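Please read the structure below before turning to the comments.
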Amino acid sequence: MSIVTLLTDFGTVDGYVGAVKGVVLQARPDAAVVDISHEIRRHDIAAAAFALAQAAPHFPKGTIHVVVVDPGVGGRRRPVVVDNGNHLFVAPDNGVVSLAVPRPRAAYAIESADFRAPQPSPTFHGRDVFAVAAGQLAAGRSPSDAGPPVELQGTLGLDAERRDEHGQYARIIHVDVFGNLITDLAVENVPPDARFRVGGFQIDGIAHTFESVSRGKLLAYIGSGNTLEIAVREGNAARELDVGRGATVEVVEGGKTVG
Amino acid sequence: MSIVTLLTDFGTVDGYVGAVKGVVLQARPDAAVVDISHEIRRHDIAAAAFALAQAAPHFPKGTIHVVVVDPGVGGRRRPVVVDNGNHLFVAPDNGVVSLAVPRPRAAYAIESADFRAPQPSPTFHGRDVFAVAAGQLAAGRSPSDAGPPVELQGTLGLDAERRDEHGQYARIIHVDVFGNLITDLAVENVPPDARFRVGGFQIDGIAHTFESVSRGKLLAYIGSGNTLEIAVREGNAARELDVGRGATVEVVEGGKTVG
Amino acid sequence: MSIVTLLTDFGTVDGYVGAVKGVVLQARPDAAVVDISHEIRRHDIAAAAFALAQAAPHFPKGTIHVVVVDPGVGGRRRPVVVDNGNHLFVAPDNGVVSLAVPRPRAAYAIESADFRAPQPSPTFHGRDVFAVAAGQLAAGRSPSDAGPPVELQGTLGLDAERRDEHGQYARIIHVDVFGNLITDLAVENVPPDARFRVGGFQIDGIAHTFESVSRGKLLAYIGSGNTLEIAVREGNAARELDVGRGATVEVVEGGKTVG
Numbered sequence: 001m002s003i004v005t006l007l008t009d010f011g012t013v014d015g016y017v018g019a020v021k022g023v024v025l026q027a028r029p030d031a032a033v034v035d036i037s038h039e040i041r042r043h044d045i046a047a048a049a050f051a052l053a054q055a056a057p058h059f060p061k062g063t064i065h066v067v068v069v070d071p072g073v074g075g076r077r078r079p080v081v082v083d084n085g086n087h088l089f090v091a092p093d094n095g096v097v098s099l100a101v102p103r104p105r106a107a108y109a110i111e112s113a114d115f116r117a118p119q120p121s122p123t124f125h126g127r128d129v130f131a132v133a134a135g136q137l138a139a140g141r142s143p144s145d146a147g148p149p150v151e152l153q154g155t156l157g158l159d160a161e162r163r164d165e166h167g168q169y170a171r172i173i174h175v176d177v178f179g180n181l182i183t184d185l186a187v188e189n190v191p192p193d194a195r196f197r198v199g200g201f202q203i204d205g206i207a208h209t210f211e212s213v214s215r216g217k218l219l220a221y222i223g224s225g226n227t228l229e230i231a232v233r234e235g236n237a238a239r240e241l242d243v244g245r246g247a248t249v250e251v252v253e254g255g256k257t258v259g
Numbered sequence: 001m002s003i004v005t006l007l008t009d010f011g012t013v014d015g016y017v018g019a020v021k022g023v024v025l026q027a028r029p030d031a032a033v034v035d036i037s038h039e040i041r042r043h044d045i046a047a048a049a050f051a052l053a054q055a056a057p058h059f060p061k062g063t064i065h066v067v068v069v070d071p072g073v074g075g076r077r078r079p080v081v082v083d084n085g086n087h088l089f090v091a092p093d094n095g096v097v098s099l100a101v102p103r104p105r106a107a108y109a110i111e112s113a114d115f116r117a118p119q120p121s122p123t124f125h126g127r128d129v130f131a132v133a134a135g136q137l138a139a140g141r142s143p144s145d146a147g148p149p150v151e152l153q154g155t156l157g158l159d160a161e162r163r164d165e166h167g168q169y170a171r172i173i174h175v176d177v178f179g180n181l182i183t184d185l186a187v188e189n190v191p192p193d194a195r196f197r198v199g200g201f202q203i204d205g206i207a208h209t210f211e212s213v214s215r216g217k218l219l220a221y222i223g224s225g226n227t228l229e230i231a232v233r234e235g236n237a238a239r240e241l242d243v244g245r246g247a248t249v250e251v252v253e254g255g256k257t258v259g
Numbered sequence: 001m002s003i004v005t006l007l008t009d010f011g012t013v014d015g016y017v018g019a020v021k022g023v024v025l026q027a028r029p030d031a032a033v034v035d036i037s038h039e040i041r042r043h044d045i046a047a048a049a050f051a052l053a054q055a056a057p058h059f060p061k062g063t064i065h066v067v068v069v070d071p072g073v074g075g076r077r078r079p080v081v082v083d084n085g086n087h088l089f090v091a092p093d094n095g096v097v098s099l100a101v102p103r104p105r106a107a108y109a110i111e112s113a114d115f116r117a118p119q120p121s122p123t124f125h126g127r128d129v130f131a132v133a134a135g136q137l138a139a140g141r142s143p144s145d146a147g148p149p150v151e152l153q154g155t156l157g158l159d160a161e162r163r164d165e166h167g168q169y170a171r172i173i174h175v176d177v178f179g180n181l182i183t184d185l186a187v188e189n190v191p192p193d194a195r196f197r198v199g200g201f202q203i204d205g206i207a208h209t210f211e212s213v214s215r216g217k218l219l220a221y222i223g224s225g226n227t228l229e230i231a232v233r234e235g236n237a238a239r240e241l242d243v244g245r246g247a248t249v250e251v252v253e254g255g256k257t258v259g
């Protein structure tokens, strides 16, 4: 079995995703092509990186993940195959795989003639480069056949969690479809009995489930990615607090900011 | 072949659905994972129940349906495996399978250690409970391995069709994406030459096809689920009549309400 | 392997697409059912035709494409199987396959009893006619088993590119999800050093990539379908130029319209 996942910002209405699927199946007709999402906001590399990091780790060994959120299509960013020792990632080198693959084992530029269409459309590398490369990998070619090894250049430009003279802060790295605020503060760094300040509101302590608070109430909890999240039960925290990606959450312990 | 369908209110942009797919494929890499929908309105159990009832009966024997519309995640509602003698349904016990499975043959609580992740995230049972259980079933485990047999508790709270001293009524149980109004009045209970009153409008008789009326006109017809439906040809009946789920349609025969 | 693609205007929330998938898999449980799109604007035959033409050619020989954008469901348009010598297309005869299959090798009306449900719902031929027919084909039946050979009647009513006494014009045949304007002017008919006039704006020459111009700037380029396209880099050309499908682009060479 060969499993190929797809994650793009193409939407589906234009048939572009269909073309990508066709190219993969042309190379390997019995591949299982699995949609992660095609509804990433256009050019939102950080959102795609988050979705990939949520989904990818759960797939079986050998899965090939194709990620095409690529504002620089046809420009200088490099199409690459990234190997993390378990899965392969076929993507532009623009940071989109950086959350899912913090420590690549190897990366290769996609340069070989048979890993690209003969004359790739400059505007549709999804079909003419990334899908062709994924098809070759699905058909059993080695990632090192794609081209020369490279160092990845792309970064997301999202700061990691930080602790400064004013205390400890968590950064909101994603707002999910429910308006929940997902931060980069790992569970092991959340102090017991902490309070959290965000968007002018304060939350006392960590709730175990959404049902621990009443409907419409704000809560802090450890999310499915094992980091601090902020939500409104059956509501939309991003809208109600008017905060978004990049905003900070102040972490307060024992009446004052953790320092 | 093992077929696993997915029906959620997750949307796809956050990668949560991708995680669910990965977990299923991890357990059974050659399963065919089939999307029913991930665009159910958040927490709309009745809408998911309708979609499941539309889709599920058509799948081959042995199909496993995973349904995660679960406002009570982490709370007291029970994750269950429901067997109707033909298919298995993996879902919270909140009524979401009640239309597709009006008479379960058996139901089991999902309690066994190997039918759940070791430490399920309280906010993501889709991945850590339902997908794990579906993966075990897809890999050949018996539903009774999931846990002890239980009686299902969940209901939708939608009344069935009713007939009272004032006559016969159909209830709108779903508004579809086209704005068509789907009722619970079964074809065999629709009187010949009936008229229908809804939202202040009256419709005479049953149309055989949409093309039986002119564009923009209201019609009553027997829908694909063999119940009475109301639509506007190439229009949106819910919007134009300003009615929605739960509203009643009065059924009139021979000049007066059927009594 | 049997690959069956689906392209509809159903959306997914009502479970109708799920029903179609179930019917196909009932007939051929190991078919690979591949979504092209279910988000085509309701009844927009031309948009579905474009998406199909983008996607279909890339699939392996033997692929079956099911296309259900069918405003005339239950009416007089004929359900057909179209064979282009490489793929089969199962669709209403309303022009929706005309871009993907400009020269059909053969077409057959879907009339045989086993290529339709016993009593097809007049409002859901997607499930009761097209999916049943696709299932039969996926299970190995010949397209000529569907019914008698027919001449296709459906057309899109989009003019081809034209050249008149006033010069050469390209016609916008599609606005994609990014707002890019896709025309019918084939690359071989684009004069070197041409200028383009559309919506009151003028564009000089063909850009090789989006990165050839600054953000927010208008560009003309050869798109992935090898025709002239107009876009705004990281913007929405349809909105900014206020033009849409059917609008013309004037092609000017050497200071005057090409004649």
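Protein chains in written order, with the numbering used here: chain A, 1 to 259; chain B, 1 to 259; chain C, 1 to 259. A virtual CB, placed ideally from N, CA and C, is assigned to each residue, including glycine. Everything numeric in this text was worked out from a predicted model, so none of it was measured.
Check: Since V4 (chain C) and V33 (chain C) should fall inside the 8 Å C-beta cutoff, what is the C-beta to C-beta distance between them, to a whole number of angstroms?; Outcome: 5 Å
Check: Name the DSSP bridge partner or partners of E250 (chain A)?; Outcome: A:Y169, A:R197
Check: In this structure, does DSSP put L228 (chain B) in helix, strand or coil?; Outcome: strand
Check: In chain B, what lies closer than 7 Å to A19 (chain C) by C-beta?; Outcome: Q54, A55, H58
Check: Could you say which of A:V82, A:P60, A:T63, A:G95 lies nearest to D44 (chain A) if we only look at CA atoms?; Outcome: A:G95
Check: Curious, which full-length beta strand (DSSP E) runs of at least 3 residues does the segment 26-101 of chain B contain?; Outcome: 32-37, 64-68, 79-83, 88-92
Check: From D83 (chain B) to A107 (chain A), what distance separates their C-alpha atoms?; Outcome: 47 Å
Check: Classify L181 (chain A) as helix, strand or coil using the three-state DSSP reduction.; Outcome: strand
Check: Using the Cα positions of L152 (chain C) and V13 (chain A), report the straight-line distance between them to the nearest angstrom.; Outcome: 25 Å
Check: Considering A133 (chain A), what are the terminal residues of the alpha helix (DSSP H) in which it resides?; Outcome: 131-138
Check: So, is A113 (chain C) buried or exposed, given that buried needs 16 or more other C-beta atoms within 10 angstroms?; Outcome: exposed
Check: Given G18 (chain A), which residues of its chain have a CB within under 8 Å of its CB, disregarding the five upstream and five downstream residues?; Outcome: T12
Check: Can you confirm whether the segment 119-131 of chain C touches the segment 209-223 of chain B when touching is taken to mean that 3 or more C-beta pairs between the two stretches lie within less than 8 Å?; Outcome: yes
Check: Can you look up D204 (chain C) in the DSSP assignment and give me helix, strand or coil?; Outcome: strand
Check: Name the chain A residues that come within less than 8 Å of Y221 (chain C), Cβ to Cβ?; Outcome: P122, T123
Check: Ignore the nearest five residues each way along the sequence and tell me which others in Y16 (chain A)'s own chain have a CB closer than 6 Å to its CB.; Outcome: F10
Check: Counting only beta-carbon atoms, is H65 (chain A) nearer than 8 Å to chain C?; Outcome: no
Check: Closer than 8 Å, Cβ to any Cβ of chain B: which residues of the segment 137-154 of chain C, in chain order?; Outcome: none
Check: Rank B:G235, B:V252, B:P102 by C-alpha distance to the C-alpha of D193 (chain B) and give the top, closest one.; Outcome: B:V252
Check: Cα separation between E111 (chain A) and F89 (chain A)?; Outcome: 15 Å
Check: Determine the chain C residues that contact D35 (chain A) at a beta-carbon separation under 8 Å, and present them in chain order.; Outcome: D35
Check: Going by DSSP in three states, L241 (chain C) sits in which element: helix, strand or coil?; Outcome: helix
Check: When the Cα of V150 (chain A) is compared with those of A:V73, A:E211, A:R78, which residue comes out closest?; Outcome: A:R78
Check: Find the residues of chain A that neighbour H43 (chain B), judging by a C-beta separation of less than 9 Å, and give them in chain order.; Outcome: E234
Check: Where does V258 (chain A) sit, in a helix, a strand or coil, going by DSSP?; Outcome: Bear in mind that the predicted position of V258 (chain A) carries a pLDDT of just 49, short of 50, making it unreliable; the figure below should be weighed with that in mind. DSSP places V258 (chain A) in coil when its eight states are reduced to three.
Check: Does D176 (chain C) come within less than 8 Å of chain A when only Cβ atoms are used?; Outcome: yes
Check: Below 8 Å, how does it come out for the segment 227-242 of chain C and the segment 182-197 of chain C: are there three or more Cβ pairs, yes or no?; Outcome: yes
Check: Interface residues of chain A around R78 (chain B) at Cβ under 8 Å?; Outcome: Chain A residues near R78 (chain B): none, gap ~14 Å exceeds 8 Å.
Check: Using a C-beta to C-beta distance shorter than 9 Å, which residues of chain C count as neighbours of I203 (chain B)?; Outcome: Neighbours of I203 (chain B) on chain C: none; closest Cβ ~16 Å, over 9 Å.
Check: Could you please give the first and the last residue of the uninterrupted beta strand (DSSP E) stretch that includes I3 (chain B)?; Outcome: 3-8
Check: Taking A107 (chain B) as part of the beta strand (DSSP E), name the residues at either end of that continuous run.; Outcome: 106-109
Check: Checking the sheet assignment: what are the DSSP bridge partners for P120 (chain A)?; Outcome: None, per the DSSP bridge assignment.
Check: Are the C-beta atoms of E5 (chain C) and some chain B residue less than 8 Å apart?; Outcome: Here residue 5 (chain C) turns out to be Thr, not Glu, going by the sequence shown. It does not: the Cβ of T5 (chain C) has no partner Cβ on chain B nearer than 8 Å.
Check: Does E40 (chain A) come within less than 8 Å of chain B when only Cβ atoms are used?; Outcome: The identity of residue 40 (chain A) in the sequence shown is Ile, whereas the question assumes Glu. So, interface residue.
Check: Can you tell me which of A:A139, A:V68, A:A170 puts its alpha carbon nearest to the alpha carbon of Q26 (chain A)?; Outcome: A:A139
Check: Against L25 (chain A), what residues of chain C qualify as contacts under a CB-to-CB distance less than 7 Å, listed in chain order?; Outcome: I3, F59, P60
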